[in-house]
Amino acid sequence: MNLSDSEWKVMKVLWENSPRTMTQITHALKEETGWTKHTIMSFLKRMEEKTAIHNEEGENTKLNYTDIEVNDAEIEEAKAVLT
28 MNLSDSEWKV
38 MKVLWENSPR
48 TMTQITHALK
58 EETGWTKHTI
68 MSFLKRMEEK
78 TAIHNEEGEN
88 TKLNYTDIEV
98 NDAEIEEAKA
108 VLT
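Quick note on this note's numbering: the sequence shown kicks off at 28 and runs consecutively.
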């Protein structure tokens with residue numbers, strides 16, 4: 028899967044409490060990173076292409092869900108480092 032450091036930050040927010048909207052993710056990371064919703068939107072799109080997450084239409088906005096458990100993601104990253 029090979030997540031970037033930035034994508035890992037987004038995943039950690041989703042693992043803590045999923046599903047979350049883009050606005051909720053932006054708010055959760057704003058103080059630490061200063062990222063805008065457009066930055067988060069780019070990360071979410073890339074992460075969806077990597078099959079790390081998926082989204083579903085909610086009442087008013089898309090809800091983002093993780094598609095991989097934290098332990099599985101850590102194992103994948105360790106394998107990538109070792110090869």
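Every residue, glycine too, gets a C-beta built ideally from N, C-alpha and C.
What is the DSSP secondary structure of residue i, counted as helix, strand or coil?
i, result
"Leu-71", "helix"
"Glu-86", "coil"
"Ile-102", "helix"
Per the DSSP calculation, residue i is bridged to which residue(s)?
i, result
"Ile-80", "Thr-93"
What is the C-beta distance between residue i and residue j, in whole angstroms, given that I count them as a contact (C-beta under 8 Å)?
i, j, result
"Met-68", "Glu-34", "Rounded, the Cβ-Cβ distance is 13 Å, inconsistent with contact."
"Leu-30", "Val-40", "Actually they do not touch by this definition, with Cβ atoms about 13 Å apart."
"Trp-62", "Thr-53", "7 Å"
Compare the C-alpha of residue i against each of the options and name the closest.
i, options, result
"His-81", "Ser-31, Gly-61, Val-37", "Val-37"
"Val-97", "Glu-83, Ala-79, Glu-86", "Ala-79"
Okay, do the region 83 to 95 and the region 48 to 61 touch, 3+ Cβ pairs below 8 Å being the bar?
yes
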